[in-house]
Amino acid sequence: MNIKQVAARLREMDGILILTHVRPDGDTIGSAAALCQALRQLGKEAYLLYNPEITATYLPYAEPYWAPEGWQPKTVISTDVAVADLLPENAAPYRDHIALAIDHHPSHGYFAAESYVDASAAACGEIICAIIRELTDITPAIALPLYVAISTDTGCFVYSNTTANTHRVAAELMGCGIDVSGVNKALFRTKSKVRLAMEAHMAANMELYDNDRVVVMQIPQALCEEMGATMADIEELSSLAALVEGTDCAITLRELSGDKVKISVRTGARVNATEVCRLVGGGGHRAAAGATVSGTMEEAKQAILAAVAKVTGV
Ligand SMILES: [Mn+2]
32 MNIKQVAARL
42 REMDGILILT
52 HVRPDGDTIG
62 SAAALCQALR
72 QLGKEAYLLY
82 NPEITATYLP
92 YAEPYWAPEG
102 WQPKTVISTD
112 VAVADLLPEN
122 AAPYRDHIAL
132 AIDHHPSHGY
142 FAAESYVDAS
152 AAACGEIICA
162 IIRELTDITP
172 AIALPLYVAI
182 STDTGCFVYS
192 NTTANTHRVA
202 AELMGCGIDV
212 SGVNKALFRT
222 KSKVRLAMEA
232 HMAANMELYD
242 NDRVVVMQIP
252 QALCEEMGAT
262 MADIEELSSL
272 AALVEGTDCA
282 ITLRELSGDK
292 VKISVRTGAR
302 VNATEVCRLV
312 GGGGHRAAAG
322 ATVSGTMEEA
332 KQAILAAVAK
342 VTGV
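Oh and the sequence shown: position 62 is 93 in this note's numbering, straight run, nothing missing.
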């Protein structure tokens, strides 16, 4: 499928429900909200499935589009969802009936009847923008969530996935008259006191391996409880470890409930993060990938360090 074919398919649809992924980030929410608004501008009925893990950071972008309780869609699509296992639990009735998946993860699982995947896109929002251009005017109501999608997945245009096209799309969105300075301040230039205290704790307790090229930071549940951290305090904390000078493989372990650990891996050119995470059952992008494993924090750490050693041959 090309972009024009995706747009044509969307034109044929109505009664559309859009699914987002677990622990929703700016890209999955912003992409879904922008697409939902575009479909509505075409006169279609379209909603987002409520995501129970939405944080206060992204709620304002999704809230206007939540599907009413009991609403029955005719067509289901997904944005920024790499594999069906990353759908929230309340999406279970739809997971085997997804008509179209739009995504940018190289580890995409092709769970939908049709898929459009462009792994060269820094954010799913870049793809959604190209699709919407074929469908309708990019109004401020579309441009703002798309800017959130693209800016968050690129760390405000500094991660290695950022391309010239990323900037071109962002420039086009800014040209729509949206207030990006407000978004940038809220998303990239503001940290809660709790979050700063958590970062200080993580930095003070970091561990280094492989001649100080691999750094491990940990977020135990006890730390979150002790500090009274909200989900918003914890999101994107995995970008901290990648800042440590001299390292090119940053691992963040976050203890989840039910004896599970969320592993996030951010890497430089030497280490392919997707290959590392695939060895422990996860996936993602070349420079940013993740996995959720069962076991203790210590077991998760040993497993991911072994995976890094295997991929780098060290
Ligand atoms: Mn994304």
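Beta carbons are placed, not taken as given, at the ideal position from N, Cα and C, and that holds for glycine. Nothing here was measured: the structure is a model prediction, and the numbers come from that model.
Asked                                                                                                       : Found
Straight-line gap, V245 to D279 (C-alpha atoms, nearest Å)                                                  : 6 Å
V324 versus D290: straight-line alpha-carbon distance, rounded                                              : 9 Å
Given 8 Å, three or more beta-carbon pairs between the region 193–201 and the region 218–234                : no
Closest Cα partner of L284 within the set E266, E276, R301                                                  : E266
Neighbourhood of P171 by C-beta, 8 Å cutoff - its chain only, sequence neighbours within 5 removed          : C207, G208, I209
Paired residues, beta bridge with T221 - DSSP                                                               : BP columns for T221 are empty, so no partner.
Supposed close pair I173, A69 - CB separation, criterion 8 Å                                                : 6 Å
Cβ-heavy atom distance, D279 to ligand 1, below 7 Å                                                         : no
Any non-hydrogen atom of ligand 1 closer than 7 Å to D58 Cβ                                                 : yes
CB of A130 within 8 Å of CB of E145, strictly                                                               : yes
Outcome for M233 when other beta-carbon atoms lying within 10 angstroms are tallied against a minimum of 16 : buried
Status (buried if at least 16 other CB within 10 Å, exposed otherwise) for K105                             : exposed
Reduced DSSP secondary structure (H/G/I, E/B, other) of V246                                                : strand
Inter-stretch contact (C-beta, 8 Å, three-pair minimum) for the region 56–74 and the region 172–190         : yes
Nearest-angstrom Cβ-Cβ length linking S138 and G344, presumed shorter than 8 Å                              : Between G344 and S138 the Cβ distance is about 22 Å, and since that is not below 8 Å, they are no contact.
Cβ contact (3+ pairs, closer than 8 Å) linking the region 161–170 and the region 108–122                    : no
Between the CA atoms of K75 and A281 - distance to the nearest angstrom                                     : 44 Å
Straight-line Cα distance separating A318 from A300                                                         : 8 Å
Alpha-carbon to alpha-carbon, E84 and V179                                                                  : 18 Å
Three-state class that DSSP yields for E238 in the structure shown                                          : strand
Proximity to D264 [Cα-Cα], best of P251, L227, E276, M44                                                    : L227
Heavy atom of ligand 1 within 7 Å of D149 beta-carbon                                                       : no
beta-carbon C255 near ligand 1 non-hydrogen atom, thresh 7 Å                                                : no
Limits of the unbroken alpha helix (DSSP H) element including A337                                          : 328–343
Own chain, CB closer than 6 Å to Q72, minus 5 neighbours either side, in chain order                        : T167
Same chain only: Cβ atoms within 6 Å of A63, ignoring 5 sequence neighbours per side                        : I49, T51, L79, T110
Short Cβ contact (8 Å threshold) for V37 with I133                                                          : yes
Alpha-carbon to alpha-carbon, E330 and V5                                                                   : Given a span of 32 to 345 for the chain in the structure shown, any question on residue 5 remains unanswerable.
For T283: DSSP bridge partner residues                                                                      : M248, S295
Below-8 Å beta-carbon distance, A65 vs any chain C residue                                                  : Absence of chain C from the displayed structure is noted, only one protein chain being present.
Option nearest S295 by Cα separation, candidates A98, S288, E276, L271                                      : L271
Closer than 7 Å: K111 CB and nearest ligand 1 heavy atom                                                    : In the sequence as presented, Lys is not what sits at residue 111; that position holds Asp. Answer for D111: yes, Cβ within range of ligand 1.
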